[in-house]
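Numbering (the UniProt record's numbering), first residue to last: 1 to 125.
By construction, the Cβ of each residue, glycine as well, lies at the ideal position given by its N, Cα and C atoms.
Step one of this worksheet: look at the structure below.
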Amino acid sequence: MNGSMVSMAGHHGGGKLSMQHQQQKVNSAEEVEEINTKELAQRISAELKRYSIPQAIFAQRVLCRSQGTLSDLLHNPKPWSKLKSGRETFRRMYKWLEEPEFQRMSALRLAGEWLDHLLSLINAS
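Here is the structure:
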C-alpha cells in the first residue's frame with residue numbers, strides 16, 4: 001500500500017513507516033489513524049472498474065452501505081479530519097484493498113450468497 005495513503009497509530013517517529021512495517025501493523029482497521037481519503041477513493045474506483053464490480057454490489061456486500069453513499073464518497077471524498085460517521089466506511093475500503101485479490105473476490109461472492117439465502121428466508125415467511 002502506498003505510504004502516503006495512511007499514517008499509523010502508535011508511530012511517533014518523524015519519518016514514514018516502511019511498507020513492510022505498515023503491512024505488519026495493519027492487521028485491523030482500528031489501527032489506522034488517518035487515511036488519505038482522496039487517494040483511497042481513486043484506488044477503489046480503479047479496482048471496481050478493473051474487475052467490473054458494480055458499485056451497488058461493492059457498497060452492499062463490503063461496506064454495508066447504499067450505492068448512492070458509495071458514489072458520493074468516491075466522487076467527493078472529504079478529508080479524514082472532516083469525517084465523523086464516514087470514517088468506518090473508509091476503514092472498510094482500506095481493509096478490503098489490503099486483502100489478497102482472491103480473498104477480496106471471494107468476500108464479494110460469499111456475501112452475495114449469504115444475502116441471497118437471507119432474502120429467500122425472508123420471502124418464504
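- Membership of R92 in the alpha helix (DSSP H) is indicated by the continuous run 87–98.
- Nearest Cα to C64 within the set K84, E47, R91, F102: R91.
- One Cα belongs to S71, the other to Y94, and the distance between them is close to 16 Å.
- Excluding residues up to 5 positions away in sequence, T37, G86 lie with their Cβ nearer than 8 Å to the Cβ of K78 in the same chain.
- In this structure, the CA atom of M105 is about 31 Å from the CA atom of K82.
- Just so you know, the alpha carbons of G68 and A59 end up roughly 9 Å apart.
- The residues A107, in chain order, have a CB closer than 8 Å to that of E99 in the same chain once the five nearest residues on each side in sequence are set aside.
- The Cβ-Cβ distance between L74 and S45 falls below 7 Å.
- Nearest to E101 by C-alpha distance, out of Y51, A41, Q55, is Y51.
- Burial state of A41 is buried, judged by a 10 Å Cβ sphere holding 16 or more other Cβ atoms.
- Comparing alpha carbon positions, the residue from S66, L97, K84, R109 closest to E39 is L97.
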